[in-house]
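Residue numbers (my numbering): 57 to 420.
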């Protein structure tokens, strides 16, 4: 028999202000008659530590799942609103919660790989409840498997479903089981789907291939290194040390040349960067795209441009500790204000293998 754990909730809540801040945050009573978010999170943690599926995991997985249980609704209050029908809605709290969780865990010093698994659980914690209602269920299931184990996501979702008072509780739990079985049937229940190569995976998640097992001959015209990192993380240093001989499309240099401040409208800067990149892509020349690129939406533009020309896209994600980041940023000639840097941290979405042919991490 696996060991049992007692949940000392008051001790845990006392340690973290962001847990105590959930007190009084109301929820839709149709799905959460137990009360506020704080109560729901406590109930989810209680269900998790009693669940044999969690107790039989190794210590690392248990810790990550428990952290996700604590953090999964951390941004519900940010997304709280009343819909047109008078119902309370917190739509979008999963994606916002993953960003908030990343900042909390980064500032706490949690190792990056473990941090990103927790963030993936937070980001996708609602998906098992409605996966089969989605027209793109297969692609969604496979994207999740690139980031986190479906087995672990299902354990979290079961605890989330049990840790509430709702007339739909049983049907929610049934949806979790069906979603897990769906992922298993698609070959991604126990890990990422075995794509034939990086290019097949890249094209499938871009929507350029209907089936994950469709062949895709990998013969790139060139390789583009797209950097992703907060200001002061060390992107320029990385380029000097690792790609010294390649041309660089640098948004900082373009801003300086055009006299555009980081806080100004960036339309002319982006257009100039696109034209520089097109010159290299037409010449089938390897190059580096050097910009912050800390959100998926921003990364989508250079990656999509490179894909149009048949280039291989490799993301290099660069990060450092909070203290080093702010210190290094202040020492730069083109330093951004601390307030701007803090705002970027609150938007930070780490890249993953769904976005590019490869993702490499560099800890500065």
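Ideal Cβ positions, reconstructed from N, Cα and C, are used throughout, including at glycine.
Determine, using beta carbons only, whether residue 231 and residue 186 come nearer to each other than 9 Å.
Their beta carbons are under 9 Å apart, which means residue 231 touches residue 186 by this criterion.
Is it true that the CB of residue 242 sits closer than 9 Å to the CB of residue 197?
Cβ distance < 9 Å, so residue 197 and residue 242 count as in contact.
Please report the Cβ distance between residue 346 and residue 305, rounded to the nearest whole angstrom; I am assuming they are in contact, meaning their Cβ atoms lie under 8 Å.
For residue 346 against residue 305, the beta-carbon gap comes to about 7 Å, under 8 Å, which counts as contact.
Extent of the continuous beta strand (DSSP E) to which residue 191 belongs
Taken as a continuous stretch (DSSP letters only), residue 191 belongs to no beta strand (DSSP E), as it is neither H nor E.
Work out the CA separation of residue 325 and residue 317 for me, nearest whole Å.
Put simply, the backbone Cα of residue 317 is about 10 Å away from that of residue 325.
Need the endpoints of the beta strand (DSSP E) that residue 281 sits in, please.
Taken as a continuous stretch (DSSP letters only), the beta strand (DSSP E) holding residue 281 covers 279-284.
According to DSSP, residues forming a beta bridge with residue 345
Answer is 282 and 305.
What's the call for residue 413, buried or exposed, on a 16-neighbour Cβ count within 10 Å?
Its Cβ being crowded by 16 or more others within 10 Å, residue 413 is buried.
What's the C-alpha gap between residue 89 and residue 229?
Distance from the CA of residue 89 to the CA of residue 229, rounded to the nearest whole angstrom, comes to 17 Å.
Using CA atoms only, rank isn't needed, just tell me which of 166, 256, 208 and 220 is closest to residue 235.
With distances taken between Cα atoms, residue 235 lies closest to 208.
Using only alpha-carbon positions, find the residue among 391, 417 and 381 that is nearest to residue 163.
Minimum Cα distance to residue 163 is reached at 381.
Hey, how far is the Cα of residue 357 from the Cα of residue 330?
Each residue's Cα considered, the two are about 9 Å apart.
From which residue to which residue does the alpha helix (DSSP H) around residue 375 run?
Per DSSP, residue 375 is not a residue of any alpha helix (DSSP H); the beta strand (DSSP E) it occupies stretches across 368-375.
For the beta strand (DSSP E) that residue 415 lies in, which residues bound it at each end?
Counting along the chain, the unbroken beta strand (DSSP E) around residue 415 starts and ends at 414-419.
Starting from residue 149, trace the alpha helix (DSSP H) both ways and give me its first and last residue.
Element bounds for residue 149: 149-164.
Of the choices 62, 268 and 401, whose alpha-carbon is the least far from that of residue 289?
Of the candidates 62, 268 and 401, the residue whose Cα lies closest to the Cα of residue 289 is 401.
Counting pairs of beta carbons, one from the segment 384-400 and one from the segment 129-141, are three or more of them closer than 8 Å?
As far as the Cβ criterion goes, the segment 384-400 does not touch the segment 129-141, which means the pair count is below three.
Across which residues does DSSP place residue 144 in a beta bridge pair?
According to DSSP, residue 144 bridges with 138.
Quick check on the burial criterion: 16 or more other C-beta atoms within 10 angstroms. Buried or exposed for residue 313?
Exposed, since its Cβ has fewer than 16 Cβ neighbours within 10 Å.
How many whole angstroms separate the CB atoms of residue 344 and residue 286, which I take to be in contact at a CB cut-off of 8 Å?
In fact, because the Cβ distance is near 17 Å, the residues do not count as touching under 8 Å.
Between the C-alpha atoms of residue 183 and residue 65, what's the straight-line distance to the nearest angstrom?
For residue 183 and residue 65, the gap between their C-alpha atoms comes out near 27 Å.
contact_flag[the segment 71-79, the segment 93-110] where n(CB pairs < 8 Å) is 3 or more
Short answer: they touch.
Suppose the cutoff is 6 Å on Cβ atoms and the five residues either side in sequence are ignored; what does the same chain contact list for residue 391 look like?
Residues of the same chain with a CB within less than 6 Å of the CB of residue 391, apart from the 5 flanking positions on each side, are 385 in chain order.
Tell me the residue span of the alpha helix (DSSP H) that contains residue 295.
Per DSSP, residue 295 belongs to the alpha helix (DSSP H) from 291-298.
Host alpha helix (DSSP H) of residue 109 (start-end)
Run containing residue 109: 108-111, per the alpha helix (DSSP H) assignment.
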